[in-house]
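Visitor:
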Amino acid sequence: MSKRYFEFSEGTSNKFWEVWMDGSQVLTRYGKIGATGQTTVKDEGSVAGAQKLYDKLIREKTGKGYQEKSNGAAAPPPQKEADPKKEAAPKEEAAPPPPPRQDVVVEPGFRRFEFSEGSSNKFWEVKVEGEQQIVRYGKIGTAGQTKEKDFDSAGEAKADTKKLIAEKTGKGYVEVGVKPAAPSNPQLEAAIAAKPDDASNWRVFADWLIEHGEPWGEVISAALQGKPDKARQDATAKELLGGIDGSTIEWANGVIAHLDLQPGEVEEEGQMEETLARILEHPAGHFIRKLTLGLPPHEDTEWHMEGLAEAIVEAGPLPFLELLDMSPDAEHMDQPSWRRVGDLSGLWKAAPHLKELLLQGAQGSDDGEAIDFGDVEAPFLEKLSFTSGGLNKNAPTQLGAAKLPKMKHLELMFGTEDYGCSSSVASLKGILDGAGLPAIERLGLMNSEWEEDLIKAVAGSKLLPRLKVLDFSMGVMNGKAADTLAAHAEKFKHLKELILTDNYFSEADQTRLKKLLPNAVFGEQKDDDDPEYRYTTIAE
């Protein structure tokens, strides 16, 4: 694709910005007009992803006042007319900026960014310790200055730090001292992901790792020969877990196949996230297949799992991760609406072969960041279950806009407005249209306060004929819902099961509906002693 060139001139600011695509990569060059500038490269993993980023960047720049100049070629900087009395001295070309220094030593816990342009050579470092943010900055080669800032929670400290990093990189700062990524061979990894129990693919991969200087390939090779290095595996597991309780590691083919991380005792905030990051970044943990994460226990009332999601995204891509379970109940906190799930938009690239995703939570007791799936890209996802007493409308809306070719089982629990539910029957339009769910077999629209409207919407949907199981359990359905189901009984007769358990259906209504819908499953119903106070099963 040809280059597009833009300029921005205002006051003393005269800058250029250029963008082009190369396959799945988006490249930009920027700086002062007349200078060589700096170049950045972002690989989006696909041409479609690159095109999306390319279009987004152009919108952002033009929105900030950048004007497109020459069509595809960098326009030369404006030249002053030559003074006939003076002979112009030859102008030296600006030296290209130095490449990011990956060998620079960065103090543990800090992230370091550097900016070099002309005579300006600056660094900026940041670190989060619990609820405190530590920033250091100054000229490269000096100790610089240090600033410390305290927040009300570790979550706020991390969120502010993420914002600052985005601002710095947006100004041209480049991270240095980055830890080299784990050796990656997408072709071999794809073969293993397709047949994870095929030892022959693992053998080739182990040999490839050894050839590329990764010693853990020897551990994989030994396991494949039926002689697992248990001593090394046990020592590595102990080191990675750091003594955290409630955790188990299962090994297969010399790597961690299943990590179950569910601490039971109150810990320092951030400890569980740091442990998870340490495990996933290790060669043994980078090829994990199943990951189970409990709720990080701490004394703060702002219970959240956002840090766990961040650790997964930062460690990704995890090429073999098939199951991510963030739904286990916690003994130390039994209120789903207090659990904050937050931003999961980076999960799809971090776990490109994800097959099953289990979640529990809402926006949290502190009305934190809403659940955000972002642009869902999950070509292998077969099951998604979300337990919630207050589901934000982002979840059904974003899933309804996604293409999920292998999704067979989708289960959403909604809850009540009092505990953060902003979803509605209208939020389900994309899901019920069914364009992105060609393989769907089981749909759960559960734990809702909606009765007739929900039944009517599903009865008239394009999705219903594909379903084998439809689950309306855990809500407030009663006599009115029974009338609506009876009126649309023909639409639901093809189902193997119509699950209506844990609602408010009377014995008479159950008998009446069973004659019309033999596939109806009622199970236990809630007591309807106070019809003015009916409640969803999961709320607070």
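Residue numbers for the sequence shown follow our numbering, so the first one is 3 and each next one is one higher. From the three backbone atoms N, C-alpha and C, an ideal C-beta is built for every residue, glycine too.
1. Starting from Glu413, follow its DSSP beta bridges and name the residues at the other end.
2. Within the same chain, show all residues whose beta-carbon is closer than 7 Å to that of Glu358, passing over the 5 residues directly before and after it, in chain order.
3. Leaving out five residues before and five after Asn123 in sequence, what residues of the same chain have Cβ atoms less than 7 Å from its Cβ?
4. When the distance is taken between beta carbons, is Leu500 closer than 7 Å to Leu518?
5. May I have a chain-ordered list of the beta strand (DSSP E) segments no shorter than 3 residues that lie completely inside the region 277-315?
6. Please determine whether the Cβ atom of Ser429 lies at a distance below 6 Å from any heavy atom of the ligand MN.
7. Identify every run of the beta strand (DSSP E) within the region 171-253, keeping only runs that are complete inside it and at least 3 residues long; order them along the chain.
8. What residues are listed by DSSP as bridge partners for Asp345?
9. Taking all protein chains shown into account, decide if Lys160 is buried (16 or more other Cβ within 10 angstroms of its Cβ) or exposed.
10. Measuring CB to CB, does Ala397 end up less than 7 Å from Ile373?
11. Output yes or no for whether 7 Å exceeds the beta carbon distance between Asp511 and Gly477.
12. If you follow the alpha helix (DSSP H) that Thr64 is in, where does it begin and where does it stop?
13. Going by the beta-carbon positions, is the gap between Cys423 and Leu472 smaller than 7 Å?
14. Would you mind stating whether Leu439 and Leu414 have Cβ atoms separated by less than 7 Å?
15. Whose C-beta lies closer than 6 Å to the C-beta of Ser387 among residues of the same chain, with five residues either side of it excluded?
16. What's the C-alpha gap between Tyr421 and Tyr175?
17. Which residues mark the beginning and the end of the beta strand (DSSP E) in which Glu509 is found?
18. Have a look at the DSSP bridge pairing and note the partners of Tyr139.
19. Start and end of the beta strand (DSSP E) containing Asn396?
20. From what residue to what residue does the alpha helix (DSSP H) around Asp24 run?
21. Assuming Phe117 is part of the beta strand (DSSP E), what are its boundary residues?
22. DSSP three-state label for Ser429, please.
23. Apart from the five residues just before and just after Pro80, which ones in its own chain have a Cβ nearer than 7 Å to its Cβ?
24. If I measure Cβ to Cβ from Gly244 and keep anything under 7 Å in the same chain, skipping five residues before and after, which residues do I get?
25. Could you spell out the range, first to last residue, of the beta strand (DSSP E) harbouring Gly327?
26. From the DSSP output, in three-state form, read off Ser11 for me.
27. Within this structure, are the beta carbons of Ala484 and Leu434 separated by less than 7 Å?
28. Quick check on Ala541: does DSSP put it in helix, strand or coil?
29. If we ignore side chains and look at the alpha-carbon of each, how far apart do Ala195 and Ala441 end up?
30. Which two residues bound the contiguous alpha helix (DSSP H) that contains Thr30?
31. Near Lys240, which residues of its chain fall below 8 Å by C-beta distance, leaving aside the five closest residues on each side in sequence?
32. With 16 other CB atoms within 10 Å as the buried threshold, where does Arg444 fall?
33. Give the DSSP-derived three-state secondary structure of Lys82 in the structure shown.
34. Once the 5 residues before and after Ser223 are set aside, which same chain residues still bring their CB inside 8 Å of it?
35. Please list, in chain order, all residues of the same chain as Thr418 whose beta carbon is under 8 Å from its beta carbon, the five residues on each side excluded.
36. Where DSSP assigns a beta bridge to Val471, which residues make up the other side?
Guide: Let me spell this out:
1. The sequence position of residue 413 within the sequence shown is 411, counting from 1. Its beta-bridge partners are Ser387, Gly446.
2. Stepping through the sequence shown from its first residue, residue 358 is reached at position 356. For Glu358, where only same-chain residues beyond five positions count, the Cβ hits under 7 Å are Glu324, Leu325, Glu384, Lys385.
3. The residue given as residue 123 occupies position 121 in the sequence shown. Excluding residues within five positions, the ones whose Cβ falls inside 7 Å are Lys141, Ile142.
4. Sequence index remark: in the sequence shown, residue 518 carries index 516 (1-based). Sequence index remark: in the sequence shown, residue 500 carries index 498 (1-based). No, they are not a contact pair.
5. Within the region 277-315, the runs of beta strand (DSSP E) at least 3 residues long that lie entirely inside it are, in chain order, 292-295.
6. Only the bare structure without any ligand can be found here, which leaves the ligand MN out of the picture.
7. Whole beta strand (DSSP E) segments, 3+ residues: 176-178.
8. As a working note, residue 345 is residue 343 in the sequence shown. According to DSSP, which records beta bridges pairwise, Asp345 is partnered with Asp374.
9. Taking the sequence shown and counting its residues from 1, the one referred to as residue 160 is at position 158. It counts as buried.
10. Working through the sequence shown from its first residue, we reach residue 397 at position 395. Working through the sequence shown from its first residue, we reach residue 373 at position 371. Against a cut-off of 7 Å, the Cβ pair of Ile373 and Ala397 comes out as a contact.
11. Mapped onto the sequence shown, residue 511 falls at position 509. Mapped onto the sequence shown, residue 477 falls at position 475. No, the Cβ-Cβ distance between Asp511 and Gly477 is not below 7 Å.
12. Reading the sequence shown from its first residue, position 62 is the one you call residue 64. Segment 49-65, the alpha helix (DSSP H) holding Thr64.
13. Translated into the one-based positions of the sequence shown, residue 423 becomes position 421. Translated into the one-based positions of the sequence shown, residue 472 becomes position 470. It is not a contact, given that the beta carbons lie outside the stated cut-off.
14. Within the sequence shown, the letter at position 437 stands for residue 439. Within the sequence shown, the letter at position 412 stands for residue 414. One thing to note: Leu439 has its Cβ no nearer than 7 Å to the Cβ of Leu414.
15. For the purposes of this step, residue 387 is taken as residue 385 along the sequence shown, with counting starting at 1. Excluding residues within five positions, the ones whose Cβ falls inside 6 Å are Leu360, Glu413.
16. In the sequence shown, counting from the first residue as 1, residue 421 sits at position 419. In the sequence shown, counting from the first residue as 1, residue 175 sits at position 173. The straight-line gap from Cα to Cα measures roughly 41 Å.
17. The count along the sequence shown starts at 1 and reaches residue 509 at position 507. For Glu509, no beta strand (DSSP E) segment is defined; the enclosing uninterrupted segment is the alpha helix (DSSP H) at 509-518.
18. Along the sequence shown, one-based indexing puts residue 139 at 137. Paired residues: Trp126, Gln147.
19. Within the sequence shown, the letter at position 394 stands for residue 396. Per DSSP, Asn396 belongs to no beta strand (DSSP E); it is in the alpha helix (DSSP H), 396-402.
20. Residue numbering aside, residue 24 sits at position 22 when the sequence shown is read from its first letter. Segment 15-24 is the beta strand (DSSP E) holding Asp24; no alpha helix (DSSP H) there.
21. As a position in the sequence shown, residue 117 is number 115, starting the count at 1. Unbroken beta strand (DSSP E) run through Phe117: 113-119.
22. Taking the sequence shown and counting its residues from 1, the one referred to as residue 429 is at position 427. Residue state for Ser429 is assigned as helix, using DSSP reduced to three classes.
23. Here residue 80 refers to the residue found at position 78 when the sequence shown is read from its first residue. Residue placement at Pro80 cannot be trusted, given a pLDDT of 42 that sits under 50; the coordinates are not used to answer.
24. Along the sequence shown, one-based indexing puts residue 244 at 242. Around Gly244: Thr277.
25. What you label residue 327 is simply residue 325 of the sequence shown in a count that begins at 1. It is worth fixing the name first, because residue 327 is Asp in this sequence and not Gly. Segment 325-328, the beta strand (DSSP E) holding Asp327.
26. Within the sequence shown, numbered from 1, the residue matching residue 11 stands at position 9. Here Ser11 sits in strand by DSSP.
27. The count along the sequence shown starts at 1 and reaches residue 484 at position 482. The count along the sequence shown starts at 1 and reaches residue 434 at position 432. Taking 7 Å as the Cβ cut-off, Ala484 and Leu434 do not qualify as a contacting pair.
28. On the sequence shown, position 539 is the one that residue 541 refers to. Of the three classes helix, strand and coil, the one that applies to Ala541 here is coil, per DSSP.
29. Against the sequence shown, residue 195 aligns to sequence position 193. Against the sequence shown, residue 441 aligns to sequence position 439. Annotation: Ala195 to Ala441 spans about 21 Å, alpha carbon to alpha carbon.
30. Stepping through the sequence shown from its first residue, residue 30 is reached at position 28. For Thr30, no alpha helix (DSSP H) segment is defined; the enclosing uninterrupted segment is the beta strand (DSSP E) at 27-34.
31. For the purposes of this step, residue 240 is identified with residue 238 of the sequence shown, where counting begins at 1. So no residue of the chain qualifies.
32. If you number the sequence shown from 1, residue 444 lands on position 442. So Arg444 ends up on the buried side.
33. Counting from 1 along the sequence shown, the entry for residue 82 is found at position 80. At Lys82 the pLDDT is 42, less than 50, meaning the model places this residue with poor confidence and gives no usable figure here.
34. Counted from its first residue, the sequence shown places residue 223 at position 221. Contacts found: Arg205, Ala208, Asp209, Ile212, Gly256.
35. Counting from one through the sequence shown, the residue named residue 418 turns up at place 416. So the qualifying residues of the chain are Gly391, Gly392, Glu451, Tyr537, Thr538, Ala541.
36. Within the sequence shown, the letter at position 469 stands for residue 471. Paired residue(s): Arg444, Glu499.
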